[in-house]
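Let me begin by presenting the structure, written as structure tokens, before commenting on it.
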Amino acid sequence: MTAQSYQYKPLGIQGNPIRLLTLWPGKWDDEILCTIHHADLDNELAYRALSYTWGDAHDTREILLQNRPFSVTRNLEIALRHLRQMYCAVTPSIFWVDALAINQRDLQERSSQVRKMHDIFTRARQVVAWTGEADIETEAAFDLFDEISRISESSIATFESTASFGDLVLDGRSFDADSKNWTLLVHFLSRPYFARLWVLPELSAQYWQHRYKITPTTRGHPCVLVCGLRKVPSEVFDFACVMLILWDAYKPDLMIEWASVPGLLMWNCIKTMESASHDLSDFVLGCLRLKTSDPRDRVYALLALDPEEGKDYLVDYAKSTDQVYEDFIIFWLSRQRNLNVLEGEPSADVGLDDHPSWLHQFHCHRFRGATPHDEDNPSAGIPMHMLFDGRSKLLSLGGILIGRVRKVVGPFHLGALRETRQQVTILAADLTELQRDSLCRAMISDWEYAGGRLSASPITQATYQEIRAWLGLNIPQGSCEQEIRTELSENTARVIRLSTDVRSIFVLDSGHVCLGTSNAREGDSVAVLYGGRQCFVLRPRGLEYRHLGTARVQGIMRGEFIKERDRDEDGKPKGSRMFTIC
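So this is what it looks like as structure tokens:
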């Protein structure tokens, strides 16, 4: 008997229907037995929502569903076996599990149920995050979680305001952060579970419970992370991530690259949601390293993050992947009236001609982009102006040309600070004093690192002079090489590495100095596109342009370039035009 032997009954259209799974008790080696029943999500239901990763779709095992064999992935079978031990030792427990609660073969039902994912997870009595089977390192990581859970609440409050590890008190004594193996947390946060994009809206459920005052139908923790037979409440996990990030800041030699640790990337996205100014388009760029089994879920999983933002967008698995991407970009541009979703840049090894360049953020797994400052507004508040031709796939955006690329150095790489200095020093030799000033600020994207935290420009005079000395710009002509400062403070070196990693510095024929896309080359155009919070690098192709990425252009990021120009009869800066992006 095959998995197809079990036939789903239609959910119907009355109420707000979903399916729930009852997991029955059993010994460890007993076959997994589950039953399914229909329920109305609008009623008060007592169930746990399972967050997990499917794993290899070809590696399957059988469970009993309604007393009939049903094929599931190995990872789900292992998860159910562990959860049965933890939650169903004596009595059955009710779960929502996507692979079982949704008829995956029915595209219409699948589309309808995916639109409910947000509500399913926020209304659950608890979200159970299955991160996989335990190993020696995860056991040690959970020992550290246990220690962190015993830190006193009063000392946590002090720590959050001072970021001093000396303020943490564990069982009446100081918490010795120096003696802890923080790489254990990095190992745990690198598990395949955290690389799954759908985990983001699933784990963020507790945030929405707080925002909309949704009360789970149980006492205790709204979310727990499970590994093997051990679990940690999400609030302890959250504080552990805060400690890890701050510990990395105090130990610059660690140089944890957030984007290479999916759990940190995931955690950062969830924390970003707590900001009232968060924009869903920020997650499009920030989550490209995360994985989906269906590429269309790059859109649908993100829409599940904020149902209010995406309520007018129809989830439809009958659409092609390209159509889903195209519809989302145009929908989002029209709704938000800004260009945030077009920011960033594809890695240089991604084929730029395979798709419309305004869609390239969805067609690559590695995506680079600078972090904008909150105050960045190069278009000086001029609203976005957009025209879209659905037949030709041409997107036209209003803006103004800043200049064309005259010289490029880079791209630079995280661990090659010496090579970065050599290339930038050669470039600086041909620059004016004013351009050299811009160059020093571009090296750190106008960010400063102090007290374990990044802060925005203006950078201090001390940091500015430090970078000048490092580049040899304070040394009189004819001085020997040894007189040039070759060492940077740990904090400044750290910011330069993070700011310039896989980025290039280029000088425009207008004299402006930029830090931006590694795809830039001589002859490319750099423009302010109205509604954007960064500047855009465009490659001419006849009368059209290919969108290559973004750039931070020194001296215009607060709208200076726009404000100093005369206006035409329509009130727009003279020189404004439409850029048609193919």
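Here the sequence shown is numbered in the UniProt record's numbering, starting from 1 and rising by one per residue. Every residue gets a Cβ at the ideal spot worked out from N, C-alpha and C, and that includes glycine.
In terms of DSSP beta bridges, what is residue i paired with?
{"i": "Tyr545", "result": "Pro540 and Ile581"}
{"i": "residue 651", "result": "Residue 651 falls outside the range modelled here, since the chain spans only 1 to 582, and no answer is possible."}
{"i": "Trp130", "result": "Val226"}
{"i": "Glu62", "result": "Ser71"}
{"i": "Gly403", "result": "Val526"}
{"i": "Leu11", "result": "DSSP lists no partner for Leu11."}
{"i": "residue 592", "result": "Within the shown structure, residues of the chain are numbered from 1 to 582, placing residue 592 beyond reach of any answer."}
{"i": "Lys393", "result": "In the DSSP output, where bridge partners are listed per residue, Lys393 has none listed."}
{"i": "Ala551", "result": "Gly516 and Cys535"}
{"i": "residue 593", "result": "With the chain covering 1 to 582 only, the question about residue 593 has no answer from this structure."}
{"i": "Ile151", "result": "Leu170"}
By how many angstroms is the C-alpha of residue j removed from the C-alpha of residue i?
{"i": "Val86", "j": "Asp106", "result": "Here residue 86 turns out to be Met, not Val, going by the sequence shown. Rounded to whole angstroms, Met86 to Asp106 spans 32 Å at the Cα level."}
{"i": "Pro383", "j": "Met578", "result": "13 Å"}
{"i": "Gly559", "j": "His373", "result": "13 Å"}
{"i": "Pro92", "j": "Glu62", "result": "19 Å"}
{"i": "Asp566", "j": "Val224", "result": "58 Å"}
{"i": "Glu522", "j": "Gly549", "result": "15 Å"}
{"i": "Thr53", "j": "Gly511", "result": "50 Å"}
{"i": "Ser71", "j": "Asp59", "result": "10 Å"}
{"i": "Thr298", "j": "Phe331", "result": "It is Arg, not Thr, that sits at residue 298 in the sequence shown. Answer to the nearest angstrom: the Cα atoms are 15 Å apart."}
{"i": "Glu308", "j": "Asp119", "result": "12 Å"}
{"i": "Ser525", "j": "Phe145", "result": "51 Å"}
{"i": "Leu264", "j": "Lys574", "result": "45 Å"}
{"i": "Gly15", "j": "Thr122", "result": "18 Å"}
{"i": "Glu44", "j": "Glu569", "result": "60 Å"}
{"i": "Pro222", "j": "Val127", "result": "6 Å"}
{"i": "Arg173", "j": "Leu244", "result": "20 Å"}
{"i": "Leu314", "j": "Phe165", "result": "48 Å"}
{"i": "Gly295", "j": "Gly390", "result": "Gly is not the amino acid found at residue 295; the sequence shown has Pro there. Spanning the two alpha carbons is a distance of roughly 22 Å."}
{"i": "Phe328", "j": "Phe142", "result": "40 Å"}
{"i": "Glu487", "j": "Arg421", "result": "11 Å"}
{"i": "Ser489", "j": "Met443", "result": "14 Å"}
{"i": "Asp30", "j": "Tyr6", "result": "20 Å"}
{"i": "Arg335", "j": "Ile102", "result": "30 Å"}
{"i": "Ile270", "j": "Val341", "result": "18 Å"}
{"i": "Tyr212", "j": "Ala205", "result": "Note that Tyr212 scores 45 on pLDDT, short of 50, meaning its location in the model is unreliable and no value can be drawn from it."}
{"i": "Leu434", "j": "Pro378", "result": "20 Å"}
{"i": "Gly532", "j": "Gly228", "result": "46 Å"}
{"i": "Arg81", "j": "Gly55", "result": "16 Å"}
{"i": "Val502", "j": "Thr517", "result": "8 Å"}
{"i": "Val236", "j": "Arg539", "result": "48 Å"}
{"i": "Arg167", "j": "Phe159", "result": "Reading off the sequence, residue 167 comes out as Asp, not Arg. The straight-line gap from Cα to Cα measures roughly 6 Å."}
{"i": "Glu448", "j": "Arg552", "result": "Here Glu448 scores only 49 on pLDDT, less than 50, and its place in the model is too uncertain to base an answer on."}
{"i": "Ile467", "j": "Pro192", "result": "40 Å"}
{"i": "His385", "j": "Asn338", "result": "9 Å"}
{"i": "Thr138", "j": "Arg115", "result": "34 Å"}
{"i": "Val226", "j": "Gly132", "result": "8 Å"}
On the criterion of 16 or more Cβ atoms from any shown chain inside 10 Å, does residue i qualify as buried, or is it exposed?
{"i": "Leu543", "result": "exposed"}
{"i": "Gly12", "result": "exposed"}
{"i": "Lys311", "result": "exposed"}
{"i": "Lys231", "result": "buried"}
{"i": "Val90", "result": "exposed"}
{"i": "Pro411", "result": "buried"}
{"i": "Asn519", "result": "buried"}
{"i": "Pro10", "result": "exposed"}
{"i": "Ala157", "result": "exposed"}
{"i": "Ser234", "result": "buried"}
{"i": "Ala129", "result": "buried"}
{"i": "Cys480", "result": "Because the pLDDT at Cys480 is just 47, under 50, the model does not fix this residue reliably, and the point stays unresolved."}
{"i": "Ile136", "result": "exposed"}
One question on the structure: do residue i and residue j come within less than 8 Å of each other, judged by their Cβ atoms?
{"i": "Leu529", "j": "Leu397", "result": "yes"}
{"i": "Trp358", "j": "Leu302", "result": "no"}
{"i": "Arg497", "j": "Leu414", "result": "yes"}
{"i": "Ile94", "j": "Leu21", "result": "yes"}
{"i": "residue 602", "j": "Ala240", "result": "Coverage of the chain is limited to positions 1 through 582, which leaves residue 602 absent and any answer about it impossible."}
{"i": "Val405", "j": "Ile505", "result": "no"}
{"i": "Met266", "j": "Val199", "result": "yes"}
{"i": "Leu100", "j": "Ile36", "result": "yes"}
{"i": "Pro201", "j": "Ala304", "result": "yes"}
{"i": "Ala49", "j": "Ala124", "result": "yes"}
{"i": "residue 586", "j": "Gly403", "result": "As shown, the chain starts at 1 and ends at 582. That puts residue 586 outside it, with no answer to give."}
{"i": "Pro262", "j": "Phe188", "result": "no"}
{"i": "Leu471", "j": "Ala416", "result": "no"}
{"i": "Pro356", "j": "Lys319", "result": "no"}
State yes or no: is the beta carbon of residue i nearer than 8 Å to at least one beta carbon in chain B?
{"i": "Lys311", "result": "Protein chains in the displayed structure number just one, and chain B is not present."}
Looking at residue i and the ligand MG, is the gap between the Cβ and the nearest heavy atom below 7 Å?
{"i": "Pro92", "result": "In terms of ligand content, the structure shown is empty, and the ligand MG therefore cannot be addressed."}
Completely contained beta strand (DSSP E) runs for the stretch 77–118, where each covers 3 or more residues: 93–96
Complete runs of the alpha helix (DSSP H) confined to the stretch 485–525 [at least 4 residues]: 490–500
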